[in-house]
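Heads up, the thing below is written out as structure tokens.
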């Protein structure tokens, strides 16, 4: 009898698991938006990323690099022949990988909507898209994001923008029946910017009421870079647009362009965590904005593939470990140690990604709590983690393939400095007095913070906590 019951129970559980898997429908349009500021990717990067998309179940790619002058600043000007050849290659690569390639234009900086200038700009948009159509492009986007002045104000007309979008799409569809619905980003593209208290702002109200329902509207969540988007958050913004299909998502992780180095040639922190805290259902489209570091972006983007193909059963930590195992092979263990210290992205207006090194933080908190009370504490766990950090940094600096090392060497070198500073901090606690070398090394870490930061609230915080406790 017990055997029969066990069998029945196992059959029931397998049925439930199978049901969960089969009901976890993928997001129909899921992919990458190359929409970051800074040095655009090379065509080799883009081709490599499209192959990566195919391998990880992502089916769309939006070409929208902010620093491509012909996309944004000089949008009216035609692309030179060599750039057109590059785009044609991208279109062909996307088609071979079953990826929907979308060409985006961002004309909002100086676009005219009315009068003879408005007619000229309308023709310029159509002409530019016709050029792309001749290359094989069948999906287009017109973006109106990031048009605010230095005081955070914008003076855009939501009705005029939406009317222009509708007109361009209708005109272009009459010319070419095989294009798919346009994609757009409005000027008020995050929820907290769409509302004033409980009232919808006039720009968003006019844009939402005017825009053709066929056009896919993207938004970034409650903020530009925010912790997550819940199912309820998505419902709130859908209530504004009242579109049967629903608004799409432009997710700003792992992008790190808001940590640009002073020389503009790289970013100080890498976003190496998993995609997390996103809706589980009722999404038509979602695009992930990557880092300028194409290869290092693949950790998060691999988890994006797992998430978008089964949002309801997605497990971030499992997807993250799987991604690193697949991408780094026998270096995976070291990469996990490094990456866990470089997951969380935060500044005065941005906050996204898992907390850096939670295990280290927990161990350090126990140590510091005891130290502040003058009690002794077992340092074994913390010392073991610090040793692993230093070993991981050395291993990756010497063995990581060049394509990765070119994108993360400053951060790995900084990681090693922080590990060494942590060792000195532990030694100071053991000795009951501050090791003078700790202040010197902390100053060196600070000097290099312009080019590399990580683990600010974990391994680096432990150093600062010891310095504060024992006297700077």
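Residue numbers (my numbering): 1 to 472. The C-beta atom is built at its ideal place from N, Cα and C for all residues, glycine as well. Just so we're clear, the structure is a prediction, and the values are computed from it rather than from any experiment.
Item	Value
Pick helix, strand or coil for residue 351, following the three-state DSSP scheme.	strand
Looking only at DSSP bridge pairs, what is residue 29 linked to?	285
Going by beta carbon distance, what residues of the same chain come within less than 8 Å of residue 464, once the five residues before and after it are set aside?	442
State the Cα-Cα distance for the pair residue 471 and residue 434, rounded to the nearest angstrom.	7 Å
DSSP three-state call for residue 417: helix, strand or coil?	helix
Beta-carbon within less than 7 Å of residue 314's beta-carbon, same chain only, minus the 5 sequence neighbours each way: which residues are those?	306, 307
Could you round the C-beta distance between residue 182 and residue 140 to whole angstroms and report it? I think they count as a contact, below 8 Å.	6 Å
Should residue 153 go down as buried or exposed, given a rule of 16 or more other Cβ atoms within 10 Å for buried?	exposed
Mind reading off the beta-carbon distance from residue 481 to residue 94? Whole number of angstroms is fine, and I expect it under 8 Å.	Nothing about residue 481 can be read from this structure; the chain reaches only from 1 to 472.
For residue 453, which residues in the same chain have their Cβ closer than 6 Å to its Cβ, ignoring the five residues on either side in sequence?	268, 269
Since I believe residue 343 is in contact with residue 363 (beta carbons under 8 Å), could you give me their beta-carbon distance rounded to a whole number of angstroms?	Wrong, their Cβ atoms sit about 17 Å apart, outside the cutoff.
Closest to residue 221 by C-alpha separation, out of 184, 346, 190, 131, would be which residue?	190
Just curious, the alpha helix (DSSP H) that residue 308 is in, first and last residue?	294 to 309
Tell me whether residue 131 sits in a helix, a strand or coil according to DSSP, three-state version.	helix
Contact defined as beta carbons within less than 8 Å: I believe residue 29 pairs with residue 341. What is the distance between those atoms, to the nearest angstrom?	Not a contact, Cβ separation roughly 34 Å.
I need the boundaries of the beta strand (DSSP E) containing residue 273, first residue and last residue.	Unbroken run through residue 273: none, as it is neither H nor E.
For residue 34, which of helix, strand or coil comes out of DSSP?	strand
What do you get for residue 111, buried or exposed, if any count of 16 or more other CB atoms within 10 angstroms of its CB means buried?	buried
Assuming residue 61 and residue 50 form a contact by the criterion Cβ under 8 Å, report the distance between their Cβ atoms to the nearest whole angstrom.	6 Å
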